[in-house]
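Please read the structure below before turning to the comments.
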Amino acid sequence: MLWNKNFTLLAAANVFFHAAVYMQFPVLHRWMTDVWGYTGVEAACMTVVFALSLFIPGAFNSYLVDTFSRKKVCIRSMIVLGLATVAYSWVSAAWQIATLRVLQGGAFGIALMSTGSTLAIDVAPSHQRNRANRAFTWSGIVGMLAGILVGLTSVPHYGFKSLFCYSAMLLIPAITLIGYVKVSFRAPLNLPLCSFDRFLLFRAIPPGINLMAVPLVIGMLFVSVSDFSFYLCMGLGFLLYLLVRESVRRPVDGRIQVGIGQLLMIAGLMVLHHRAGIYPFYVSGGLIGLGAGFSIGQFLQLMILLPLHCERGTGYHTYRLSWELALAFGILLGVYLQVQGKDLCFAGLLIAIAGLLLYLAFTYRYFKKHYQKH
């Protein structure tokens, strides 16, 4: 049974964990521009610094989780993340902000690896691990949308010091829930200090690059849309995708799934661009959420099927790194285009179309070729 006690605890913790991290995106951006006088582009660059910092501890991932207690590695990385969040209230120089963003990025990267790439696989039945990776991903997306909503709606009403504390406090239930997870003891392995295990799976990088078309668009939307209802409709669209996925038992060709997903995102962007009134605004959010669900579902499927024996955790972490990096660059691109007076919806359309064409022309064939070699 997939939804056993341990996996349910982990999935619930993942929602709080992602909400805590993604709440900071709008909060820190506004804090840097309002309090520190950063330009929008400079503040967005700090988001990219955070995303790039996820790669810093990557070479040590395998050594950490196979030498020390996996739960302790996860919990301590979340504690570091929370302490760094609270520390923003006392910074006195710009270099300290950059240092905290790097520290947060590294801690976030370790926590991502130790939860989704390690613990979630450890507590799932061996024949259910594909479903476990998907379900764990969906719980993170729920947390992401919740965090963005909380951040956007809280900034006008609370002081920044309080918001930093609230974000850190969201990590408390995540840490508590993980503390109750029971994981089988594993004897320490004699592993090298640095390796690509649980860091980057090179055979999964091509679909990972193609995947980036989705979070790039979502990151741009984070910049251009601040309406609570829009993201709520995105969440409802994503929920609709999950219902469709559960109701359709027969396998669907990946080209159809990505085609549906990207076309729905394109339709949503077009509605957002030409909207007249409030209802098309909600419709666009629903279409984008539904389309993102279809596309993400297929790309994730590719990246957890391509790994060879004992590489599942590495493939899944490669997916997560691709997602976080593209989302951060989407935010930076969105801010830059806004400053230049460019149309973000049109840029999003081009990215969505490019993602679809790349999948049809290359990624689908690449997967067929390399998956058959298993």
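The working numbering puts the first residue of the sequence shown at 10, with every later residue one more than the last.
Ideal Cβ placement from N, Cα and C applies to all residues, glycine included.
Here the structure is a predicted model, which is why all the values come from computation and not from measurement.
Exercise. For Val100, which residues of its own chain have a beta-carbon under 8 Å away from its beta-carbon, when the five flanking residues on both sides are left out?
Worked result: Ile106 and Leu109
Exercise. Which stretch, first to last residue, makes up the alpha helix (DSSP H) that contains Gly125?
Worked result: Counting along the chain, Gly125 falls outside any alpha helix (DSSP H), and DSSP gives it neither H nor E.
Exercise. Cα separation between Ile275 and Phe308?
Worked result: 18 Å
For this session: Could you have a look at Cys174 and say whether DSSP puts it in helix, strand or coil?
Result: helix
Exercise. Can we say the segment 289-305 touches the segment 256-273, given the rule of at least three CB pairs closer than 8 Å?
Worked result: yes
Exercise. Nearest CA to the CA of Ala361: which residue from Leu172, Trp104 and Asn219?
Worked result: Asn219
For this session: Could you pull the start and end residues of the alpha helix (DSSP H) that Phe34 belongs to?
Result: Lys14 to Asp43
For this session: With DSSP as the reference, label Pro134 as helix, strand or coil.
Result: coil
Problem set entry | Any C-beta of chain B under 8 Å from that of Met32 | In the displayed structure, chain B is absent; only one protein chain is listed.
Problem set entry | Under the three-state DSSP convention, the category Ile313 falls into | helix
Exercise. Exposed or buried, Met372, counting other C-beta atoms within 10 Å across all chains shown (16 or more means buried)?
Worked result: For clarity, residue 372 is Thr in the given sequence; the question names Met instead. So Thr372 counts as buried.
For this session: Measure the beta-carbon distance from Met283 to Met153 and round it to whole angstroms, keeping in mind my assumption that it falls under 8 Å.
Result: Before going on, a small fix: residue 283 reads as His here, not Met. Incorrect: roughly 27 Å between the Cβ atoms, too far for contact.
Problem set entry | Gln349 classed as buried or exposed, judged by whether at least 16 other C-beta atoms fall within 10 angstroms | exposed
Exercise. Does DSSP put Arg85 in a helix, a strand or coil?
Worked result: helix
Exercise. Taking buried to mean at least 16 other C-beta atoms within 10 Å of its own C-beta, is Val6 buried or exposed?
Worked result: Absent from the model: residue 6. The displayed extent of the chain is 10 to 383, so no value can be given.
Exercise. Is the beta carbon of Ser86 less than 8 Å from the beta carbon of Ala120?
Worked result: yes
Exercise. From this set, Gln310, Leu296 and Leu353, which residue's C-alpha is nearest Val234's C-alpha?
Worked result: Leu353
Exercise. How would you call Thr48, buried or exposed, if buried means at least 16 neighbouring beta carbons within 10 angstroms?
Worked result: exposed
Exercise. Hey, would you say Ser62 sits closer than 8 Å to Gly115, going by beta carbons?
Worked result: yes
Problem set entry | From Arg321, Val111, Leu18 and Ala60, residue whose alpha carbon lies closest to that of Ser148 | Leu18
Problem set entry | Cut-off 6 Å between Cβ atoms - residues of its own chain near Gly46, not counting five sequence neighbours on either side | none
For this session: Determine the extent of the alpha helix (DSSP H) in which Ile265 is found, giving its start and end residues.
Result: Gly263 to His283
Exercise. Closest by CA to Cys54, which one among Leu336, Leu365, Leu367 and Ala363?
Worked result: Leu336
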